[in-house]
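K.L.:
Got a structure for you, written out below as structure tokens; questions coming shortly.
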Amino acid sequence: MKIVVIGAGSVGSHVAYRLQEQGAEVTLLDASAPGMGTTSSSIAMLNDFPQRAWPEEAGKAKLRTEIHDLFHQLAEEVPGDYLHLSGSLMWVSEAEEKEFRDLAEVATSRGVEVEAITPARARELEPGVVFAESGTVYLENNSGWVDGPGIVRALNARFVELGGTLLQGARVVAIGRTDDRIASVTLDSGERIDADAFVNAAGSWGSHIAQMAGQAIALDLIPGVIVYTQPFEAGQAPQRIINTPAWCGRPDPSGGLAIHWRGHSQTARHGENIDDPAQMMADVAAVIPALADTLPARQSVGIRPIPPGGPILGALPWAPNFYHTLSHGGIGWGPMWGWMVARELLRGERVEELSAMRPERFYLNPSQVGRHADDAEQQ
Ligand SMILES: Cc1cc2nc3c(=O)[nH]c(=O)nc-3n(C[C@H](O)[C@H](O)[C@H](O)COP(=O)(O)OP(=O)(O)OC[C@H]3O[C@@H](n4cnc5c(N)ncnc54)[C@H](O)[C@@H]3O)c2cc1C
Numbered sequence: 004m005k006i007v008v009i010g011a012g013s014v015g016s017h018v019a020y021r022l023q024e025q026g027a028e029v030t031l032l033d034a035s036a037p038g039m040g041t042t043s044s045s046i047a048m049l050n051d052f053p054q055r056a057w058p059e060e061a062g063k064a065k066l067r068t069e070i071h072d073l074f075h076q077l078a079e080e081v082p083g084d085y086l087h088l089s090g091s092l093m094w095v096s097e098a099e100e101k102e103f104r105d106l107a108e109v110a111t112s113r114g115v116e117v118e119a120i121t122p123a124r125a126r127e128l129e130p131g132v133v134f135a136e137s138g139t140v141y142l143e144n145n146s147g148w149v150d151g152p153g154i155v156r157a158l159n160a161r162f163v164e165l166g167g168t169l170l171q172g173a174r175v176v177a178i179g180r181t182d183d184r185i186a187s188v189t190l191d192s193g194e195r196i197d198a199d200a201f202v203n204a205a206g207s208w209g210s211h212i213a214q215m216a217g218q219a220i221a222l223d224l225i226p227g228v229i230v231y232t233q234p235f236e237a238g239q240a241p242q243r244i245i246n247t248p249a250w251c252g253r254p255d256p257s258g259g260l261a262i263h264w265r266g267h268s269q270t271a272r273h274g275e276n277i278d279d280p281a282q283m284m285a286d287v288a289a290v291i292p293a294l295a296d297t298l299p300a301r302q303s304v305g306i307r308p309i310p311p312g313g314p315i316l317g318a319l320p321w322a323p324n325f326y327h328t329l330s331h332g333g334i335g336w337g338p339m340w341g342w343m344v345a346r347e348l349l350r351g352e353r354v355e356e357l358s359a360m361r362p363e364r365f366y367l368n369p370s371q372v373g374r375h376a377d378d379a380e381q382q
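If you read the sequence shown in this note's numbering, its first letter stands for residue 4, the second for the next number, and so on.
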């Protein structure tokens, strides 16, 4: 089967790799450089706490329990230094202790290995991190982070080795149809590519791609600022993800930390960003003293593609060869979406766990339709 995958971020690169590996003849297209969309500007954590304690639709909750296994399997299949299961430390203030104790109990009952430790014990594990003496620290050893551009490079390299075609700087500008099927994409170069099936993995541009095929697919687009610290001196960098009520930092391949400052607890919704990076650095340095009196090295903005009502997986019933794969958490979900698309498009299965994720919900229940992609541009 000939398949075109539109978008070579985390999601499209996993999907293209898995489809090619499972026997399809795949062309993967990206308007600019692969992995340089939202995937390059992400905290990219793989953590189960507190996420797996939150209420979630059953199919998605079940799939979530398999994410770590899929990453372990992928690390065996696709060589590269992209998976960093270094663990995480989450400090919770006294004000939130009760809430997080309850969440930890639920998470543990669902198989998550999370342990409450004292700030002093956390200091033994991460000597460069000084949490306040009050409160509780949650240690999750199995969590970690993914190098977003790194995993895209690794997947794309293996994809090409397997015979896949990767076209960079290849922007889809039109989608052609015959009477009852999507038949081709046209690139900004004028080239037309025909295929049996198409996958929309264009992340925060996903509504635009859908619109070219005459489909209305909604996304909330929520920008998130990442601030990168200066590289640490040898031996001073925290090894784990460091999470506090106001910010979260992970080790970055540049040798510093990549920090997302949300200014409020992790149980709150997305949508706030730091407006004063210098003040932020002062607050971060109160926890990580090696960063005292340093300025940010750089900042970036990632646009989160957040479909109202959860991930979008599947094709509209009246356009079965045009498959959408759009979700938030696209770093963690990447390997899963790769497998799901392969099972449904190549093997003709209908995966039960995806039933709440179908795109026709926007037609059956239009009140769920949110803002469209035209509202934001990616930096
Ligand atoms: C601050 C922040 C923190 C986050 N934290 C996490 C986290 O901890 N864990 C997690 O799993 N996720 C996290 N995310 C979300 C995650 O980063 C995204 O879900 C993921 O990167 C989206 O990947 P994608 O492949 O769908 O999109 P993208 O990486 O944006 O890729 C889409 C690609 O499509 C291409 N494209 C667009 N239009 C066209 C066209 N017309 N023709 C051809 N190509 C096109 C673009 O060039 C781009 O490369 C976070 C995001 C942000 C912003």
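We put the CB at the ideal spot given by N, CA and C, even for glycine.
Jot down the residue ranges of each uninterrupted beta strand (DSSP E) in the segment 72-143, minimum 3 residues, whole runs only, in chain order.
P.N.:
As far as the segment 72-143 is concerned, its whole beta strand (DSSP E) runs of at least 3 residues are 91-95, 118-120, 139-143.
K.L.:
Leaving aside the five residues before and after residue 377 along the sequence, list all residues of the same chain whose C-beta is less than 7 Å from its C-beta, in chain order.
P.N.:
Because residue 377 sits at a pLDDT of 37, beneath the cut-off of 50, its placement in the model cannot be relied upon, and the following sentence gives the value as read from the coordinates. Around residue 377: no qualifying Cβ.
K.L.:
When you compare only the Cα positions, how much space is there between residue 11 and residue 97?
P.N.:
For residue 11 and residue 97, the distance between alpha carbons rounds to 43 Å.
K.L.:
Is any heavy atom of ligand 1 found at a distance shorter than 8 Å from the C-beta of residue 329?
P.N.:
Checking the Cβ of residue 329 against ligand 1 gives yes.
K.L.:
Just to confirm before moving on: does the CB-CB distance between residue 231 and residue 282 stay below 9 Å?
P.N.:
Contact: no.
K.L.:
Closest to residue 228 by C-alpha separation, out of 129, 264, 335, 179, would be which residue?
P.N.:
Of 129, 264, 335, 179, the residue nearest in Cα terms is 264.
K.L.:
Which class does residue 17 belong to by DSSP, given the choice of helix, strand or coil?
P.N.:
Correct three-state label for residue 17: helix.
K.L.:
In its own chain, which residues sit with a C-beta less than 6 Å from the C-beta of residue 89, not counting the 5 before and 5 after it?
P.N.:
Around residue 89: 147, 242, 243.
K.L.:
Apart from the five residues on each side of it in sequence, which residues of its chain come closer than 8 Å, Cβ to Cβ, to residue 379?
P.N.:
Confidence in residue 379 is poor, its pLDDT being 34 and thus under 50, which makes the residue's placement unreliable; the coordinate value appears in the next sentence. Answer for residue 379: 207, 224, 226, 306, listed in chain order.
K.L.:
Of the residues 4, 214, 171, which one's Cα is nearest the Cα of residue 37?
P.N.:
Residue 37 has its Cα closest to that of 171, out of 4, 214, 171.
K.L.:
Can you check DSSP and say which residues form a bridge with residue 214?
P.N.:
Beta-bridge pairing links residue 214 to no other residue.
K.L.:
Confirm the yes/no value for this check: CB of residue 307, any heavy atom of ligand 1, distance under 8 Å.
P.N.:
Because some heavy atom of ligand 1 lies under 8 Å away, the Cβ of residue 307 counts as near it: yes.
K.L.:
Is the distance from the Cβ of residue 52 to the Cβ of residue 94 below 9 Å?
P.N.:
Not in contact: residue 52 and residue 94 (Cβ atoms no closer than 9 Å).
K.L.:
Report buried or exposed for residue 181, applying the criterion of at least 16 other Cβ atoms within 10 angstroms of its Cβ.
P.N.:
Residue 181 comes out exposed.
K.L.:
Tell me, to the nearest whole angstrom, how far the beta carbon of residue 77 is from that of residue 167; I am working on the premise that it is less than 8 Å.
P.N.:
Not confirmed; about 16 Å, so no contact.
K.L.:
Using CA coordinates, which residue listed in 17, 361, 298, 107 is at the minimum distance from residue 80?
P.N.:
If we check each option's Cα against that of residue 80, 17 comes out closest.
K.L.:
Could you tell me the alpha carbon to alpha carbon distance between residue 9 and residue 237, rounded to whole angstroms?
P.N.:
Distance between the alpha carbons of residue 9 and residue 237: 41 Å.
K.L.:
Counting along the chain, where does the alpha helix (DSSP H) carrying residue 177 start and finish?
P.N.:
First-last for residue 177: 175-180, but that is the beta strand (DSSP E), not the alpha helix (DSSP H).
K.L.:
Give the range of the beta strand (DSSP E) segment to which residue 286 is assigned.
P.N.:
Careful: residue 286 lies outside any beta strand (DSSP E), inside the alpha helix (DSSP H) at 280-290.
K.L.:
Using 8 Å as the cut-off, classify the Cβ of residue 87 as near or not near the heavy atoms of ligand 1, replying yes or no.
P.N.:
Residue 87: no, Cβ never under 8 Å from ligand 1.
K.L.:
Taking DSSP's pairing of strands, which residues face residue 188 in a bridge?
P.N.:
DSSP lists 178, 196 as partners of residue 188.
K.L.:
If you follow the alpha helix (DSSP H) that residue 28 is part of, which residue opens it and which one closes it?
P.N.:
Residue 28 -> not in any alpha helix (DSSP H); beta strand (DSSP E) instead, spanning 28-32.
K.L.:
Quick one: residues in its chain with C-beta nearer than 8 Å to the C-beta of residue 258, no 5 flanking neighbours on either side, listed in chain order?
P.N.:
Result list for residue 258: 234, 235, 240, in chain order.
K.L.:
For the segment 224-256, list the beta strand (DSSP E) runs that are entirely contained and at least 3 residues long, ordered along the chain.
P.N.:
Those beta strand (DSSP E) runs which fall completely within the segment 224-256 and span 3+ residues are 244-246, 250-254.
K.L.:
Contact between the segment 46-60 and the segment 147-162 is defined here as three or more beta-carbon pairs at a separation below 8 Å; is this criterion met?
P.N.:
Output reads yes: the segment 147-162 touches the segment 46-60.
K.L.:
Straight-line CA distance for residue 25 to residue 252?
P.N.:
So the alpha carbons of these two residues sit roughly 36 Å apart.
K.L.:
Check whether the Cβ atoms of residue 19 and residue 202 sit closer than 9 Å, and answer yes or no.
P.N.:
In this structure, residue 202 lies closer than 9 Å to residue 19 by Cβ.
K.L.:
Does the distance from the C-beta atom of residue 68 to that of residue 40 stay below 9 Å?
P.N.:
The answer is no: Cβ separation not under 9 Å.
K.L.:
Going by alpha carbons, who is nearest to residue 220 out of 364, 61, 63?
P.N.:
Of the listed residues, the one whose Cα sits closest to residue 220 is 364.
K.L.:
With DSSP as the reference, identify every bridge partner of residue 326, one or two as the case may be.
P.N.:
Paired residue(s): 202, 318.
K.L.:
Out of 141, 318, 330, 358, state which residue places its alpha-carbon closest to the alpha-carbon of residue 185.
P.N.:
It is 318.
K.L.:
Only counting the same chain, and skipping five residues up and downstream in sequence, which positions put a Cβ closer than 7 Å to that of residue 1?
P.N.:
It is not possible to answer for residue 1, since the shown part of the chain is limited to 4 through 382.
K.L.:
Taking all protein chains shown into account, decide if residue 112 is buried (16 or more other Cβ within 10 angstroms of its Cβ) or exposed.
P.N.:
It is exposed - the Cβ of residue 112 has fewer than 16 other Cβ atoms within 10 Å.
K.L.:
Straight-line CA distance for residue 366 to residue 62?
P.N.:
Cα to Cα, the separation comes out at about 21 Å.
K.L.:
Do the CB positions of residue 200 and residue 70 come within less than 9 Å of each other?
P.N.:
Going by C-beta atoms, residue 200 is not nearer than 9 Å to residue 70.
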